[in-house]
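As structure tokens, the structure follows; a few thoughts come after it.
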Amino acid sequence: MNCLFCRIIAGEIPSNKVYEDESFLAFRDIDPQAPTHILIIPKTHYDSVLEAPGEVVGRMSGIAAKIAADEGIDNKGFRIVINTGEDGGQSVKHLHMHLLGGRSMEWPPG
Ligand code: 5GP
Ligand code: ZN
111 MNCLFCRIIA GEIPSNKVYE DESFLAFRDI DPQAPTHILI IPKTHYDSVL EAPGEVVGRM
171 SGIAAKIAAD EGIDNKGFRI VINTGEDGGQ SVKHLHMHLL GGRSMEWPPG
């Protein structure tokens, strides 16, 4: 298995988990870009959002909203991002949603 996030799901690589159910895992990003920076991933491997059923993406956003509340960042707001492909800045080819919060964020991104 050469997918980094599949290896995290399998427990071969440690992660700082904040949420897990039978189909999804969420853990803190190793290189946080905000005070709260969490990655939400499906346990089923999809290369990107282009391959995933909409229901999966919908459940990921619901989990992100729940974690945002748990982290106390839902009041002032947060950002969820799915980088996709080369131009989208996707570096890990396993679908993941970034949850970023705890600071004000510029728009548009660079
Ligand atoms: P992408 O650039 O593909 O949208 O996001 C990949 C994210 O995975 C990056 O924010 C990067 O910091 C994070 N990341 C890469 N390797 C690891 C790791 O081994 N553990 C954790 N927790 N995050 C990682
Ligand atoms: Zn994978």
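Residue numbers (my numbering): 111 to 220.
Cβ atoms here follow ideal geometry from the backbone N, Cα and C, with glycine treated the same way.
**OP:** Below 8 Å on the Cβ atoms is my guess for Ala120 versus Lys127; work out the distance and round it to an integer in Å.
**Re:** For this step, residue 120 is matched to residue 10 along the sequence shown. For this step, residue 127 is matched to residue 17 along the sequence shown. About 13 Å separates the two Cβ atoms, so there is no contact after all.
**OP:** Would you identify the three-state DSSP class for Glu130, choosing helix, strand or coil?
**Re:** Here residue 130 corresponds to residue number 20 of the sequence shown, with the count starting at 1. DSSP places Glu130 in strand when its eight states are reduced to three.
Original post:
Among residues of its own chain, excluding the 5 on either side of Glu196, which ones have a beta-carbon nearer than 6 Å to its beta-carbon?
Top reply: Counted from its first residue, the sequence shown places residue 196 at position 86. Counting only Cβ-Cβ distances below 6 Å, and skipping sequence neighbours, we find nothing.
Original post:
Can you list, in chain order, the residues of its chain whose CB lies under 6 Å from that of Arg189, leaving out five sequence neighbours each side?
Top reply: Here residue 189 corresponds to residue number 79 of the sequence shown, with the count starting at 1. The answer, listed in chain order, is Leu210, Met215.
Original post:
At a cut-off of 6 Å, is Val128 close to the ligand 5GP when judged by its beta-carbon and the heavy atoms of the ligand?
Top reply: One-based indexing of the sequence shown puts residue 128 at position 18. False, no ligand heavy atom lies under 6 Å from that Cβ.
**OP:** Could you pull the start and end residues of the alpha helix (DSSP H) that Met170 belongs to?
**Re:** The count along the sequence shown starts at 1 and reaches residue 170 at position 60. Looking at the DSSP string, the run of the alpha helix (DSSP H) that includes Met170 is 164-181.
Subject >> Backbone secondary structure at Arg213 - three-state DSSP >> reply: Residue mapping note: residue 213 aligns to position 103 of the sequence shown, counting from 1. Residue state, collapsed to three classes: coil.
Original post:
Counting Cβ pairs closer than 8 Å, one from the segment 142-157 and one from the segment 175-185, do we hit at least three?
Top reply: Between the segment 142-157 and the segment 175-185 there are three or more inter-stretch CB-CB distances shorter than 8 Å, so the stretches are counted as touching.
Original post:
Terminal residues of the continuous beta strand (DSSP E) containing Leu114?
Top reply: Numbered from 1 along the sequence shown, position 4 holds the residue referred to as residue 114. Note, Leu114: premise wrong, no beta strand (DSSP E); alpha helix (DSSP H) at 114-119.
**OP:** Can you have a look at Ile151 and say buried or exposed, based on whether 16 or more other CB atoms are within 10 angstroms of its CB?
**Re:** Sequence index remark: in the sequence shown, residue 151 carries index 41 (1-based). Classified as buried, Ile151 has 16 or more neighbouring CB atoms from the shown chains inside 10 Å of its CB.
Subject >> Given Val202 as reference, the closest of Gly212, Phe134, Tyr156, Pro124 once Cα atoms are compared >> reply: Position 92 of the sequence shown holds residue 202. Residue Tyr156 is the option with its Cα nearest to Val202.
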